Amino acid sequence: MILINKLKKISSQFTSGYFGVVLGMIGTGMAWRYAAKEHQYPAYIGEIFIGVGCLVWLTLTLFLLSKGLFHRQSILDEIKHPVASGFTSLFPATTVLVSIGLNPYLPFFSLILFSLGAVAQLAYSSWLIGSQWKGEYPKIATTPVLYLPTVANNFICAMACGAFGFNDLGILFFGAGVFSWLSLEPTILKRIRSDGLMDEKSRLSFGIQLAPALVACSAYLAINDNHIDFFAKMLLGYGLLQLLFMLRLIPWFVKQPFSLPFWSFSFGVSALAKASLNMSMTSTSDFMQLLSTALFIFANAVILLLIWHSLLWFFKGLKQLYSPSKVV
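In case it helps, the UniProt record's numbering puts the sequence shown at residues 1 to 328.
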């Protein structure tokens, strides 16, 4: 009974945004897996990142199911919320990412996971975006979270198609992601530029703004046999420009204490790690080699910093959970 009560308490505080941790962990693991294949880096580093990411996904999935069991109305409220509903799409997105991570070990199971995740994300985004196309979507809810259902999910599915050898299908997903991104970006930029200051809860969604170009680059490379060409370099260049904007805003972001939504920066950063490695494989320029190495180190430093602060956040929460209640 005590265990069930603890599970109820934990699941009540769970939000779908926590799946952002999985994006960063598995994304970084895939960068290291590529580094091991092409640069002879230690293979175990990437597998550890991917393994931990899969365990986090499994744990969060159990919490999601528990929340649906014990706090069903809370789940429904999240799905109906104009901003939180975007984070819900992270569940099918991370399911597809897990399928990529497990593919070398469990190919058939991974294919099933990919199929379930891809169908789920298409079904959910169709329902969600359809409900937004009625002219009643609030302007204040226009944040980078809008990228998640149709941009991030389709790019991740394109990556998975590359991993499973479905390149033609991957091009379809890539096209869906690119044109969704291009259609959303002007509206989102107008909102964050001139439609009022975002509150602290919405502020960390800015990390998602870093992701589209860099994740698009990773998705494009996945269905292009990791060949860096003119278009891939264009995507990487725009992603680096977004990174400069994010660095400028760091003092604004860190005014609030650390929480797991800080992982919204992680997927773009992990995509940067892999794209920089791809660039180093094809460039003979000393400057580009130096830049790619610096970007890879920077991306890993950011992920390690997020891991460190997440562990501190976790143990602090664990201490509060198991500390005896004060009796007045």
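Cβ atoms here follow ideal geometry from the backbone N, Cα and C, with glycine treated the same way.
From a predicted model like this one, the values you see are computed outputs, not experimental measurements.
C-alpha gap between residue i and residue j, whole angstroms
i: Leu38; j: Thr282; result: Strictly speaking, residue 38 in this sequence is Glu, with Leu absent from that position. The alpha-carbon atoms of Glu38 and Thr282 are separated by roughly 11 Å.
i: Phe91; j: Phe19; result: 7 Å
i: Ile10; j: Leu260; result: 15 Å
i: Tyr220; j: Asp199; result: 34 Å
i: Ile250; j: Glu185; result: 21 Å
i: Leu272; j: Leu97; result: 16 Å
i: His71; j: Ser12; result: 7 Å
i: Leu146; j: Lys233; result: 25 Å
i: Glu47; j: Gln40; result: 14 Å
i: Ile297; j: Asn278; result: 14 Å
i: Thr284; j: Thr28; result: 25 Å
i: Ser292; j: Ala299; result: 10 Å
i: Leu113; j: Ile79; result: 22 Å
i: Ser183; j: Ser126; result: 16 Å
i: Ser74; j: Gly17; result: 14 Å
i: Leu106; j: Ser85; result: 31 Å
i: Ala123; j: Gly268; result: 25 Å
i: Val302; j: Leu295; result: 11 Å
i: Leu204; j: Phe253; result: 7 Å
i: Phe231; j: Leu128; result: 31 Å
i: residue 354; j: Cys54; result: Summary: the structure shown does not reach residue 354, with the chain confined to residues 1 through 328, and so no result is reported for it.
i: Trp247; j: Ala211; result: The sequence given here places Leu at residue 247; Trp does not occur at that position. Their backbone Cα atoms lie some 14 Å apart in a straight line.
Minimum Cβ-Cβ distance from residue i to chain D less than 8 Å
i: Tyr18; result: The structure shown contains no chain D; it is built from a single protein chain.
Own chain partners of residue i with C-beta closer than 6 Å, once the 5 adjacent residues on each side are dropped
i: Val52; result: Met25
i: Phe315; result: none
i: Asn103; result: Ser110 and Ala163
i: Leu236; result: Cys217 and Ala275
i: Arg191; result: Thr142
i: Gln256; result: Glu200
i: Gly177; result: Val151, Asn154 and Phe155
i: Ser202; result: Thr143
i: Gly207; result: Ser264 and Phe265
i: Ser180; result: Thr150 and Val151
Chain-order list of residues whose beta-carbon lies under 7 Å from that of residue i (same chain, five-residue window excluded)
i: Phe14; result: Phe63, Leu64 and Lys67
i: Lys274; result: Met30, Ala31, Tyr34 and Ser218
i: Ile223; result: Ala158, Cys161, Gly162, Asn167, Gly170, Ile171 and Phe174
i: Asp195; result: Lys139
i: Ala213; result: Leu235, Tyr238, Gly239 and Gln242
i: Asn226; result: Asn278
i: Val215; result: Ala152, Phe155, Phe267, Gly268 and Ala271
Helix, strand or coil at residue i [DSSP, three-state]
i: Ser259; result: coil
i: Pro186; result: helix
i: Val56; result: helix
i: Tyr34; result: helix
i: Thr284; result: coil
i: Pro42; result: coil
i: Phe174; result: helix
i: Gln13; result: coil
i: Gly165; result: coil
i: Val254; result: coil
i: Leu249; result: coil
Beta-carbon proximity list for residue i, same chain, < 8 Å, skipping 5 on both sides
i: Ala93; result: Phe19, Leu23, Gly117, Gln121, Leu148, Ala152, Asn153 and Ile156
i: Gln320; result: none
i: Met288; result: Met279 and Ser280
i: residue 331; result: Lying before the first or after the last residue shown, residue 331 is absent from the chain, which here runs from 1 to 328.
i: residue 329; result: The shown model of the chain, from 1 to 328, leaves out residue 329, and the question about it has no answer.
i: Lys8; result: Ser66, Phe70 and His71
i: Val56; result: Val21, Val22 and Met25
Is it a yes or a no for the stretch 20-35 touching the stretch 294-311, going by three-plus beta-carbon pairs under 8 Å?
yes
Which ranges would you report for the alpha helix (DSSP H) in the stretch 189-239 if only whole runs of at least 4 residues count?
200-203, 206-209 and 211-222
Just list the beta strand (DSSP E) runs in the stretch 61-143, keeping only unbroken ones of 3 residues or longer that don't cross its boundaries, in chain order.
none
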